[in-house]
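K.L.:
One structure is given below, represented as structure tokens, and several questions about it will come after.
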Amino acid sequence: MGKWWKKAFGYQIYIRSFKDSNHDGIGDIRGIIEKLDYLSYLGINLIWICPFFESPMDDNGYDVSDFYNVSGDYGDMSDIKELIAKAHQKKIKIIIDLILNQTSDEHHWFQESRKSKDNPYRDYYIWAPPRIIDGKQTEPTNWASFFGGSCWEYDQQTNEYYMKIFSRKMPDLNWKNPKVREEIINIAKYWLDLGIDGFRLDAVAHLGKSELIDSTYQTSEKYKPEWEKYSNLPIVHDYLRELNQKVFSKYDIVTVGEVGGRALVEDALLYVSPKRKELDMVFNFDHNWCNNGWNRKKGEKLKINVPLMKEIFNKWQSGLQGKGWNAIYWLNHDQPRVASHYGDSDYFQESVKMLAVCMYFMWGTPFIYNGEEIGMTNPKFKSIDDFKDVSIHNQYRINVLENKQDPDDFINQVSYSTRDNARTIMQWSNEEYAGFGKAKPWNMINDNYPIINVKDEIEDENSILHFYRKIIDIRLNSEYNNVITFGKYQQLAKEHSQMYLYLRQYRGKKILVICNLTCEKVKMDELGYKIKKIILSNYERKEVPFEFASYEAIVLEVE
Ligand code: NOJ
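Residue numbers for the sequence shown follow this note's numbering, so the first one is 2 and each next one is one higher.
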């Protein structure tokens with residue numbers, strides 16, 4: 002079967018914040034249908050839509066209560082069918098989240114499971130009895146949850162704990178149980194038969210759990226963040242091969258696994274080596290935290306850690322090429338906005354355009370995140386009420402309410418990294434509610450929507466939006482399509498402390514990408530290649546400069 006996805010350019014939609022068609026303050030499926038023309042104009046040919054299934058929305062839909070139905074917040078099955086048909090007419094493929102690690106506690110499997118120890122659904126989830134330590138009842142292990150606190154929740158009804166590595170309303174499925182695997186296989190088939198073109202496999206690295214033995218991590222926290230206890234264990238690959246054999250291999254689709262956290266290139270290769278028949282590509286998180294963010298002092302500017310970022314790019318590009326496929330992206334709904342995270346507000350346009358060049362001429366299928374293409378930024382959080390993310394509220398309870406951290410300190414600390422950064426309302430225009438809908442939206446709108454919005458950027462040919470359109474067009478439709486898709490990646494000037502340079506070459510065609518990752522100007526000697534053409538420049542250069550300006554990026558055809 003053809004590998005259409007190698008020539009795809011993906012666009013991720015966080016449905017709740019994207020476009021509200023029925024003016025109830027919540028983005029919806031018909032909102033996406035309304036914006037298909039815009040997506041065609043942007044030039045992408047693949048969308049990944051975040052979960053729209055029935056859900057109590059504890060974690061905005063990653064807590065599913067019915068995998069076979071659409072949440073009333075977002076529309077109904079006929080809307081989804083219409084979206085698939087209309088997107089396909091425009092040659093846009095659609096992938097959706099396959100949520101395999103957990104359900105909502107309101108899913109009927111869990112409602113049954115918690116009733117009694119001999120309920121037929123008991124083994125759909127991971128239950129364990131309490132331990133008694135120093136005369137006190139305690140959790141089955143001391144493992145932490147990603148969202149704060151223990152990864153276990155006590156359930157009075159049967160006097161046992163269930164595992165939940167995310168929120169307490171998201172019990173983990175027991176993948177050891179073949180019936181659970183069968184259920185997920187049926188869910189996947191159902192959506193594929195409806196016409197979708199593949200899946201982003203949510204939290205797939207965590208399907209296997211190790212023996213229930215305490216972590217010996219020496220940390221001050223009560224619950225130990227030893228994620229290896231439930232990340233990338235060998236058994237996950239058995240589960241994926243089964244899914245591949247029974248479902249994925251039967252359709253012409255793409256599968257992208259979320260295997261971030263501490264996954265290494267070696268781990269990734271196990272997921273994406275074609276001969277292993279598991280997944281087509283994976284998202285890793287390595288490049289997401291290459292700045293001074295975690296340790297910065299209040300008011301200090303964020304700055305890219307250039308050597309680290311270069312090393313990470315090189316490691317993943319060189320490590321996977323020729324052995325499997327790659328997915329490239331700057332952010333998703335779990336990360337801060339790239340314009341704030343790695344961009345420089347003093348050189349906003351330049352730095353944001355440079356970052357786009359830096360990423361999207363590399364090797365792998367690109368995924369941009371809604372709003373990235375117009376340079377949307379992190380909002381300003383003033384109080385805990387500005388946050389919607391369940392994990393922030395959990396941490397607030399533990400750190401501020403229980404452990405008395407100063408609330409302002411807490412907000413300052415989490416503002417840098419919170420997932421809420423990416424979830425503010427999509428900025429369509431400078432009209433009321435940023436053109437999202439006619440009712441007050443469910444989440445914050447960034448104050449800068451009168452300046453940063455789609456409508457104004459369409460009218461300004463120097464905008465970030467037009468620059469993204471150019472990149473997408475060069476990547477998909479120009480004579481450089483093959484070299485960008487398949488070309489060998491080679492990093493140049495490896496030791497340079499400011500510049501990131503890489504060469505892509507394929508069947509005699511070569512392109513050279515040059516990015517200044519800093520605000521300081523950089524003189525560069527002979528590049529070592531004969532320049533044939535300037536393909537793209539964020540400073541609109543007609544000639545290659547001798548001195549590169551702040552955050553300058555240039556893409557050259559060379560020989
Ligand atoms: C990863 C998703 O991207 C995130 O948003 C979600 O909270 C967890 N998986 C749990 O499904």
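Every residue, glycine too, gets a C-beta built ideally from N, C-alpha and C.
1) Which residues, in chain order, sit with a beta-carbon under 7 angstroms away from any heavy atom of the ligand NOJ?
2) Using a Cβ-Cβ cut-off of 8 angstroms (strictly less than) and excluding sequence neighbours within five positions of residue 2, which residues of its own chain qualify?
3) With contact counted as at least three CB pairs below 8 angstroms, one residue from each stretch, are the stretch 195-207 and the stretch 95-106 in contact?
4) So, at 6 angstroms on beta carbons, what are the nonlocal neighbours of residue 438 in its own chain, with the 5 sequence-adjacent residues on each side left out?
5) Going by beta carbon distance, what residues of the same chain come within less than 7 angstroms of residue 532, once the five residues before and after it are set aside?
6) Just to check my reading of the structure: residue 518 and residue 310 have Cβ atoms closer than 8 angstroms, yes? What is that Cβ distance to the nearest angstrom?
7) Based on the DSSP secondary-structure assignment, which residues constitute the bridge partners of residue 366?
8) Between residue 334 and residue 540, how many whole angstroms is the CB-CB distance? I'm expecting something under 8 angstroms.
9) What does DSSP give as the partner residue(s) for residue 419 in the beta ladder?
10) Following the continuous alpha helix (DSSP H) through residue 311, name the residue where it begins and the one where it ends.
11) Residues in the same chain with beta-carbon distance under 7 angstroms from residue 247, minus the five sequence neighbours each way, listed in chain order, please.
12) Going by beta carbon distance, what residues of the same chain come within less than 7 angstroms of residue 373, once the five residues before and after it are set aside?
13) Residue ranges of each beta strand (DSSP E) run of no fewer than 3 residues wholly in the stretch 369-457, ordered along the chain?
14) For residue 466, tell me which candidate among 87, 442, 152 and 371 has the shortest Cα-Cα distance.
15) Give me, in chain order, the residues of the same chain whose beta-carbon lies closer than 6 angstroms to that of residue 308; leave out the 5 immediate sequence neighbours on both sides.
16) Between which residues of its own chain and residue 261 is the CB-CB distance below 7 angstroms, once the five residues before and five after are set aside?
17) Whole angstroms are fine: how far does the CA of residue 324 sit from the CA of residue 132?
18) Which of the three DSSP states is assigned to residue 17 in this structure?
19) Determine the direct distance from the alpha carbon of residue 472 to that of residue 350, and round the result to whole angstroms.
20) Which residue spans inside the stretch 150-176 form an unbroken beta strand (DSSP E) run of at least 3?
21) Where residue 96 and residue 32 are concerned, what is the direct C-alpha to C-alpha distance, given to the nearest angstrom?
22) Roughly how many angstroms lie between the CA atoms of residue 128 and residue 152, to the nearest whole one?
23) Hey, how far is the Cα of residue 547 from the Cα of residue 450?
24) Rounded C-beta distance between residue 552 and residue 352? I'm assuming under 8 angstroms.
25) With a threshold of 8 angstroms, are at least 3 pairs of Cβ atoms found where one atom belongs to the stretch 70-77 and the other to the stretch 213-225?
26) Report the three-state DSSP secondary structure of residue 139 (helix, strand or coil).
27) Around the Cβ of residue 9, are there at least 16 other Cβ atoms within 10 angstroms (buried) or fewer (exposed)?
28) Which of the three DSSP states is assigned to residue 479 in this structure?
29) By the 10 Å Cβ neighbour count, where 16 or more other Cβ atoms means buried, how is residue 366 classified, buried or exposed?
30) Drop a sphere of 10 angstroms on the beta-carbon of residue 404, count the other beta-carbons inside from all chains shown, and report buried for 16 or more, exposed for fewer.
31) By the three-class DSSP mapping on this structure, what secondary structure does residue 270 have?
32) When DSSP builds the beta bridges, which residues end up paired with residue 517?
33) Can you give me the Cβ contacts of residue 259 inside the same chain, cut-off strictly under 8 angstroms, excluding the 5 residues immediately before and after it?
P.N.:
With the structure as the only source:
1) 60, 63, 100, 102, 103, 167, 171, 203, 204, 259, 333, 334, 335 and 420
2) Reliability fails at residue 2, whose pLDDT of 45 lies under 50, so the model's placement of it is uncertain and the value that follows must be treated cautiously. Contacts found: 253.
3) yes
4) 21 and 24
5) 545, 557 and 559
6) 7 angstroms
7) 328
8) Between residue 540 and residue 334 the Cβ distance is about 32 angstroms, and since that is not below 8 angstroms, they are no contact.
9) For residue 419, which the question treats as bridged, DSSP gives no partner whatsoever.
10) 307-321
11) 186
12) 331, 332 and 339
13) none
14) 371
15) none
16) Counting only Cβ-Cβ distances below 7 angstroms, and skipping sequence neighbours, we find 284, 285 and 286.
17) 46 angstroms
18) helix
19) 15 angstroms
20) If one requires a minimum length of 3 residues, the beta strand (DSSP E) runs lying completely within the stretch 150-176 are 153-156 and 161-164, in chain order.
21) 17 angstroms
22) 12 angstroms
23) 37 angstroms
24) 4 angstroms
25) no
26) strand
27) Burial call: buried.
28) coil
29) buried
30) exposed
31) helix
32) 500, per the DSSP bridge assignment.
33) 201, 202, 203, 204, 205, 206, 283 and 284
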